[in-house]
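**Q** Quick note, the sequence shown lines up with residues 131 to 555 if you use our numbering. Every residue gets a Cβ at the ideal spot worked out from N, C-alpha and C, and that includes glycine. Quick caveat, the model's predicted, so the values are computed rather than measured. Take this structure, written in structure tokens, and hold onto it; I'll ask about it next.
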Amino acid sequence: MPGGIPDRGGRRARDSPQSDYRDQTGVTKMRSQRCQPFKVVDSEPAPQTGVYLRSPGGVNRGRRGKGWAAWAIPVVMIALGGAGCATVSPVPSTPTYAIAVRHDIEPAIVSEGRAGAFERFRRDFAESAKLGFNTIVARYLDESDWSETAEVARSNGMSLAGSNSKLEHFVLTGVLPNGGERAEALARGQRDGSPGAPTRFNLVLDSGRSGQQSERATATCVQHIARGDSCCTVGGSSVPPDVPVLAVVELGAVSDGPGFSMLEHWLAQYHCGLLEGRTGGLLVDRYRRVVGDPPGLVPADRPAGPSRLAAVRALVARAREWGSRIRGLAARPVAVTLSRGLNVKVAALVRGGRRCVLVYNPSPGQYARGEVLLPETINGAGLTRAVEVPAGEAKPAGNVYNPRRGRIALPVTLRPGDAALFELF
Numbered sequence: 131m132p133g134g135i136p137d138r139g140g141r142r143a144r145d146s147p148q149s150d151y152r153d154q155t156g157v158t159k160m161r162s163q164r165c166q167p168f169k170v171v172d173s174e175p176a177p178q179t180g181v182y183l184r185s186p187g188g189v190n191r192g193r194r195g196k197g198w199a200a201w202a203i204p205v206v207m208i209a210l211g212g213a214g215c216a217t218v219s220p221v222p223s224t225p226t227y228a229i230a231v232r233h234d235i236e237p238a239i240v241s242e243g244r245a246g247a248f249e250r251f252r253r254d255f256a257e258s259a260k261l262g263f264n265t266i267v268a269r270y271l272d273e274s275d276w277s278e279t280a281e282v283a284r285s286n287g288m289s290l291a292g293s294n295s296k297l298e299h300f301v302l303t304g305v306l307p308n309g310g311e312r313a314e315a316l317a318r319g320q321r322d323g324s325p326g327a328p329t330r331f332n333l334v335l336d337s338g339r340s341g342q343q344s345e346r347a348t349a350t351c352v353q354h355i356a357r358g359d360s361c362c363t364v365g366g367s368s369v370p371p372d373v374p375v376l377a378v379v380e381l382g383a384v385s386d387g388p389g390f391s392m393l394e395h396w397l398a399q400y401h402c403g404l405l406e407g408r409t410g411g412l413l414v415d416r417y418r419r420v421v422g423d424p425p426g427l428v429p430a431d432r433p434a435g436p437s438r439l440a441a442v443r444a445l446v447a448r449a450r451e452w453g454s455r456i457r458g459l460a461a462r463p464v465a466v467t468l469s470r471g472l473n474v475k476v477a478a479l480v481r482g483g484r485r486c487v488l489v490y491n492p493s494p495g496q497y498a499r500g501e502v503l504l505p506e507t508i509n510g511a512g513l514t515r516a517v518e519v520p521a522g523e524a525k526p527a528g529n530v531y532n533p534r535r536g537r538i539a540l541p542v543t544l545r546p547g548d549a550a551l552f553e554l555f
């Protein structure tokens, strides 16, 4: 059936006549109207936030600053250390869309000891690979632990990405180590972290809550990309077009319930990220809960339940099917027309000759059934057909839609939080 998760009742959207259309308003103004995923109430203890710092002797020195929580902060480019970049060289080619899961490395080493922590990392990384992830993102990672952590990831066919404590502290505070080391030199330990792994995002920087932190994160990425390194950001959509931004799914304390499911909550977050141009990859936050922090996929003291594992596999399957089509595309407003009663958000995802249209149902409890009528041109070129991209690995090949009276009509039937992706030609 067109448009993502099948309708429980098996019904198809009716073919609405041209006279039954109304103009779409509001949903195409990407910068003025943010995409809001379903609200998730976290029933766990309040998170401890900030940068995790560890002394050379391995003693925890505590956390500083704000946590990794805000994903929608606009960012702009600035110059760092007198070496700002006016242009950005092309992003290094990545053969695979990044499907990443966050693991907290340093807190585990501090609480469990190095030997015990790395024994658990070997088990957790292996399980992450079985779920379909191809990248490990380490939020708190001391430079001295990078090589061993990267080797554990590589042994399971995955890449390691993240930032060291010095670089993260600089992005958070603007203060350079020892008052003088240049910002672009702070990531030396990550530059050769995972050669030959499926993805090559070596640096992942948090755009954070403040404008200045966002500026530093983006400018640091710009400089590393200009030198041929790999870098992406978490948070924000107003970034230079060659800086990849990850779409983040916070798992939270969500469970299946009447009228909604974990998968619908998680897909809604992913689709909102795509609608705002975060097409650099998927980041699931996080794998295992650390005491005092929000819950993850796996509880601290027991295995994950089968329903959570199944939902994550479905989310990963969606990202795997869509990733090769959307990687590196930018979100642009599109002047579509919606059939009467259809409440969806629509964005064009474009870059050069590559074009897609994403249709998202933002309702937390209502199906979206109807048709989306595309304009005659998108990104300056006409449309000859639209091909539905399968919503998951088990889905059949997508339908093909040709122009009707000069325009293409896309039928959609979307569950709450679901979306449909169409590739344009």
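1) Tell me which residue opens and which closes the alpha helix (DSSP H) that proline 237 is part of.
2) Kindly confirm or deny that the stretch 428-435 and the stretch 239-250 touch, where touching means at least three C-beta pairs closer than 8 Å.
3) Measuring CB atoms only, is the stretch 402-409 touching the stretch 472-480, in the sense that at least three cross pairs come out at less than 8 Å?
4) For glycine 507, list the residues DSSP reports as bridge partners.
5) Roughly how many angstroms lie between the CA atoms of arginine 184 and alanine 268, to the nearest whole one?
6) Going along the chain, which residues of its own chain have a beta-carbon closer than 8 Å to the beta-carbon of alanine 447, five neighbours each way excluded?
7) Would you identify the three-state DSSP class for cysteine 361, choosing helix, strand or coil?
8) Quick check: does the Cβ of glycine 358 come within less than 7 Å of any heavy atom belonging to the ligand SAM?
9) Taking C-alpha atoms, which residue in Val519, Arg253, Pro494 and Val414 lies nearest to arginine 556?
10) Buried or exposed: where does threonine 514 fall if 16 or more other Cβ atoms within 10 Å of its Cβ makes it buried?
11) Rounded to whole angstroms, what's the CA-CA distance from glutamate 281 to leucine 479? Just pull it up for me.
12) Near valine 496, what residues of its chain come up, given a Cβ to Cβ distance below 6 Å and the 5 sequence neighbours on each side ignored?
13) In or out: lysine 260 buried (at least 16 other Cβ within 10 Å) or exposed?
14) Exposed or buried, which one is alanine 498 when buried takes at least 16 other CB atoms within 10 Å?
15) Given alanine 444, which residues of its chain have a CB within under 6 Å of its CB, disregarding the five upstream and five downstream residues?
16) Going residue by residue through the stretch 400-488, where are the continuous beta strand (DSSP E) segments of at least 3 residues, counting only ones entirely within it?
17) Can you tell me which of Gly536, Ala527, Pro167 and Glu273 puts its alpha carbon nearest to the alpha carbon of glutamate 639?
18) With distances taken between CB atoms, is the gap from histidine 354 to leucine 333 smaller than 8 Å?
19) If I follow the unbroken alpha helix (DSSP H) through phenylalanine 300, where does it start and stop?
20) So, with DSSP's three-state summary, where would you put aspartate 272?
21) Below 6 Å CB to CB, which residues in the same chain sit around proline 555 once its five sequence neighbours on both sides are set aside?
**A** So, from the data block:
1) Proline 237 -> alpha helix (DSSP H) spans 235-242.
2) Segments in contact, no.
3) Enough Cβ pairs lie closer than 8 Å, so yes.
4) The sequence given here has threonine at residue 507, not glycine. Residue pairing from DSSP places threonine 507 in a beta bridge opposite Gly512.
5) Residue placement at arginine 184 is poorly supported in this model, since its pLDDT is 39, which falls under 50; the coordinates are not used for a value here.
6) The answer, listed in chain order, is Gly262, Gly522, Glu523 and Ala524.
7) In the displayed model, cysteine 361 falls within a strand according to three-state DSSP.
8) This structure lacks the ligand SAM; in fact it carries no ligand of any kind.
9) Given a span of 131 to 555 for the chain in the structure shown, any question on residue 556 remains unanswerable.
10) In summary, threonine 514 is exposed, with fewer than 16 beta-carbon neighbours lying within 10 Å of its beta-carbon over all protein chains present.
11) Between the alpha carbons of glutamate 281 and leucine 479 lies a gap of roughly 35 Å.
12) Correcting the residue type first, residue 496 is glutamine in the shown sequence and not valine. Closer than 6 Å at Cβ, skipping near neighbours: no residue.
13) Its Cβ having fewer than 16 others within 10 Å, lysine 260 is exposed.
14) With 16 or more other Cβ atoms from the protein chains shown falling within 10 Å of its own Cβ, alanine 498 counts as buried.
15) Counting only Cβ-Cβ distances below 6 Å, and skipping sequence neighbours, we find Leu393.
16) For secondary structure counted as the beta strand (DSSP E) over 3 or more consecutive residues, the stretch 400-488 holds these complete runs in sequence order: 411-415, 460-462, 467-469 and 475-481.
17) This structure cannot speak to residue 639, because the chain is shown only from 131 to 555.
18) Yes, the pair counts as a contact, with Cβ atoms nearer than the cut-off.
19) Counting along the chain, the unbroken alpha helix (DSSP H) around phenylalanine 300 starts and ends at 295-303.
20) Of the three classes helix, strand and coil, the one that applies to aspartate 272 here is coil, per DSSP.
21) Reading off the sequence, residue 555 comes out as phenylalanine, not proline. If we look at phenylalanine 555 and ignore the five residues flanking it on each side, its Cβ neighbours are Thr514 and Arg515.
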